[in-house]
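Numbering (our numbering), first residue to last: 18 to 362. Yeah, the Cβ is synthetic: ideal placement off N, Cα and C, and Gly gets one too. Accompanying notes for the structure given below.
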């Protein structure tokens, strides 16, 4: 079965603000092309009519009767050349003016979209902040209630409610993280020199209990050489943990997850290979979209919000790296994280 692939970061995986800028650019180009076509047609018609007039005007010879001398008369080619030069200058000026006007019009067209997007981001950020406190209170109350509960039915009800609260807590945390990653005007996130092998080893060790609970073998193949990168440790840890967790959760019974670290063309490479259920090509096209789930019911059963891979994509872009995914349904998935090496590495 042929492999399907999804590239992010290495291809044009751009943020919403960048898409707005690209839209404005192409709208400007469209307006310029339309206006240029109109100018070309107008110039062609003007040139044709003017040429006919010139041919009629200079068809005969003109003499100076007083001196009985032939008056030098410009040829049609001379006048035609002057006309073309004039048209080029005039139309060039008009084209520049039209381009500036088109850019301004395109900007005014996008302004409401940008305002709506900013309002949406602010709402998500504010709502996420406001939800954290009541969720924490609900969780504490339910945990206290569970301490005194004795009936199995009551315990089951409380456990179910605690699971939903935990799912909501993770969703709120994911929304807040995405909101921060989307802030282009925010100050740069602190970066430090990171021993990549140590960071990946710590993440794998932390997730071994999750792998054991799902009867999955989690194995790490570190590089024998020191690999250092300069990045935000917390963000990279989030991205790496999300990928490994997905590889464990959406795996087959008795399957495996292999994590490898290496270097290729001045870039640090982290590869996560699982023997899971794989992803169909149609789903792979949307795998990094926000709130996208391959199977809605299965993702909700595992507590997924549909934001994990979107966070990975945003984090890798923020760190100047990329993420790519190759998957074969029924055989497994390979995820590759690529990050620039530290200059001293």
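Element boundaries [beta strand (DSSP E), containing residue i]
i	result
residue 290	284 to 291
residue 245	245 to 248
residue 327	Per DSSP, residue 327 belongs to no beta strand (DSSP E); it is in the alpha helix (DSSP H), 325 to 335.
residue 356	349 to 357
residue 306	Per DSSP, residue 306 belongs to no beta strand (DSSP E) and is neither H nor E.
Limits of the unbroken alpha helix (DSSP H) element including residue i
i	result
residue 190	169 to 199
residue 226	213 to 230
residue 299	298 to 301
Within 7 Å, strictly: CB atoms of residue i and residue j
i	j	result
residue 119	residue 45	yes
residue 259	residue 206	no
residue 290	residue 345	no
residue 287	residue 354	yes
residue 277	residue 332	no
residue 189	residue 149	yes
residue 172	residue 159	no
residue 279	residue 240	yes
residue 52	residue 127	no
Residue i classed as buried or exposed, judged by whether at least 16 other C-beta atoms fall within 10 angstroms
i	result
residue 330	buried
residue 139	exposed
residue 342	buried
residue 81	For residue 81, the predicted model reports a pLDDT of 48, less than 50, meaning its position is unreliable and no value from the coordinates is stated.
residue 25	Residue placement at residue 25 cannot be trusted, given a pLDDT of 44 that sits under 50; the coordinates are not used to answer.
residue 308	exposed
residue 47	exposed
residue 266	buried
residue 161	exposed
residue 125	exposed
Candidates the options, of which the one nearest residue i by Cα
i	options	result
residue 56	111, 35, 101, 47	111
residue 358	349, 135, 301, 243	243
residue 245	165, 134, 284	284
residue 348	212, 268, 302	268
residue 252	209, 161, 107	209
residue 98	130, 64, 131, 129	64
Closer than 7 Å to chain B by CB, residue i
i	result
residue 324	Looking at the structure shown, chain B is missing, and only one protein chain is on hand.
Practice task
Inspect the CB distances between the region 151 to 160 and the region 108 to 125 and report whether three or more fall short of 8 Å.
Solution key: The region 151 to 160, when compared against the region 108 to 125, does not touch it at the 8 Å Cβ threshold.
Handout entry: Meets three-Cβ-pair contact criterion under 8 Å: the region 213 to 228 and the region 262 to 273
Key = Taking 8 Å as the limit for Cβ pairs, the verdict is that the region 262 to 273 does touch the region 213 to 228.
Exercise for the section: Assess, as a yes-or-no matter, whether the region 234 to 245 is touched by the region 216 to 224 under the definition of 3 or more beta carbon pairs within less than 8 Å. Expected result: Output reads yes: the region 234 to 245 touches the region 216 to 224.
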